[in-house]
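The sequence shown lines up with residues 1 to 289 when you count with full-length UniProt numbering. Accompanying notes for the structure given below.
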Amino acid sequence: MKIRVPATSANLGPGFDSCGIALSKYLFIEIMEESDRWEILHELGSEIPNDESNLLLRVALKLAPTLTPRKIRMYSDIPLARGLGSSSSVIVAGIELANRLGHLNLSDAQKVDIATAIEGHPDNVAPAIYGDFLITAFDHEHKQTYVVKHHFPECDIVAYIPQEQLLTEASRNVLPKTLDFSTAVESSAIANVMIAAVIKGNLPLAGKMMQADRFHENYREKLIPHLSTIRQICEEEGGYGCFLSGAGPTVLAIVPPEKADKICRLLHALETNAAIEQLQIDREGVQVF
Ligand code: HSE
1 MKIRVPATSA NLGPGFDSCG IALSKYLFIE IMEESDRWEI LHELGSEIPN DESNLLLRVA
61 LKLAPTLTPR KIRMYSDIPL ARGLGSSSSV IVAGIELANR LGHLNLSDAQ KVDIATAIEG
121 HPDNVAPAIY GDFLITAFDH EHKQTYVVKH HFPECDIVAY IPQEQLLTEA SRNVLPKTLD
181 FSTAVESSAI ANVMIAAVIK GNLPLAGKMM QADRFHENYR EKLIPHLSTI RQICEEEGGY
241 GCFLSGAGPT VLAIVPPEKA DKICRLLHAL ETNAAIEQLQ IDREGVQVF
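Next comes the structure, spelled out in structure tokens:
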């Protein structure tokens, strides 16, 4: 059995801690023969544990503590700590592993509740489970997650993925503790129009609203010096809009397919060590083969 989980990008600008899309980069887990102990075979670096202390198995064994140990192979092209949902992909894979091997029969809504409780926000885990475009809300008081999935309009996504990692905690530490009332109202209105424009298939307006975020990108820009240059290239070349992927440092540009090659070439010309990748929306979310 193999489990495949897509990368994700949270926020889309003003949809802070709420909106997310699934992307065509993947974590694969291959479940192999039973063994006398859990062992994860991977080439993801020595800092990723290969025993029960790996996040995958911590999640799976919390949900199904009596599972028989197995050998597991893990591959991923989702880079760590770049704002592409790498830890969410592992959490979702761990839930699915427990679900299948432990015959838990979890619904997608239950998987989202469990994953959100572990991750803290639903904006990465929900698209990793459902695929496509998710609008979510987490009610902290009642520990309840609300999720709406919708088709994201056809487009290409150009990802600028720096070599350097940025931990979500560091990127959240630069955010203010409070927003004044009028900024909060304006920010919420911008997010509402962004979501409505995506749903109507109006990517030019959605992209404009993605760039008008007031919740987090202004504060994070000092950690992400490349954001304004990428935004300028995207605007000059007819892209719909750019935003920080999750807590960064990756930046995504939503672009018409015929513009993607040129925008990629211009980003490569920035003499950066960042990876520039052309991605698509993943429509399926977690899959088991
Ligand atoms: N929405 C989070 C943030 C990242 O921007 O800090 C993913 O949960």
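Beta carbons are placed, not taken as given, at the ideal position from N, Cα and C, and that holds for glycine. Treat the numbers as computed from the prediction; the structure is a model and nothing was measured.
Would you report the Cα separation of residue i and residue j, rounded to the nearest angstrom?
i: K71; j: Y26; result: 20 Å
i: H142; j: A60; result: 24 Å
i: D113; j: A137; result: 11 Å
i: I129; j: H216; result: 25 Å
i: E34; j: L101; result: 11 Å
i: V286; j: P249; result: 24 Å
i: A64; j: L57; result: 10 Å
i: V90; j: P256; result: 31 Å
i: N273; j: D36; result: 43 Å
i: G238; j: P69; result: 52 Å
i: M209; j: D139; result: 25 Å
i: A253; j: L97; result: 33 Å
What residue range does the beta strand (DSSP E) around residue i cover?
i: F133; result: 133-139
i: R4; result: 2-10
i: Y26; result: 19-34
i: I40; result: 39-42
i: T145; result: 144-150
i: E277; result: 275-279
i: A253; result: 251-255
i: G241; result: 241-244
From this set, the options, which residue's C-alpha is nearest residue i's C-alpha?
i: V92; options: A170, A22, T183, E154; result: A22
i: N192; options: A206, F181, T183, S182; result: A206
i: G201; options: L266, V185, T183, P153; result: P153
i: S24; options: G13, S86, T66; result: S86
i: K2; options: I263, N50, Y146, S76; result: S76
i: I135; options: I230, I263, A196, L84; result: A196
i: F243; options: P14, R4, P6; result: P14
i: C264; options: F289, P79, D156, F28; result: D156
With distances taken between CB atoms, is the gap from residue i to residue j smaller than 8 Å?
i: T8; j: N124; result: yes
i: S171; j: R220; result: yes
i: residue 290; j: L44; result: Coverage of the chain is limited to positions 1 through 289, which leaves residue 290 absent and any answer about it impossible.
i: F133; j: K149; result: yes
What are the boundary residues of the alpha helix (DSSP H) that includes residue i?
i: I230; result: 227-236
i: L223; result: Taken as a continuous stretch (DSSP letters only), L223 belongs to no alpha helix (DSSP H), as it is neither H nor E.
i: L267; result: 260-268
Check whether chain B comes within 8 Å of residue i, counting only Cβ atoms and requiring the distance to be less than that.
i: C264; result: The structure shown contains no chain B; it is built from a single protein chain.
What I want to know is whether the C-beta of residue i ends up closer than 7 Å to one or more non-hydrogen atoms of the ligand ADP.
i: A126; result: As presented, the structure is devoid of the ligand ADP, carrying the ligand HSE as its sole ligands.
Point to revise | Sequence ranges, alpha helix (DSSP H) only - wholly within the region 154-207, length at least 4 | key: Counting only runs of 4+ residues, the alpha helix (DSSP H) found wholly inside the region 154-207 occupies 168-173, 181-200, in chain order.
Point to revise | alpha helix (DSSP H) runs contained entirely in the UniProt domain "GHMP kinase N-terminal" (54-131), provided each spans 4 or more residues | key: Counting only runs of 4+ residues, the alpha helix (DSSP H) found wholly inside the UniProt domain "GHMP kinase N-terminal" (54-131) occupies 55-63, 86-101, 108-119, 122-130, in chain order.
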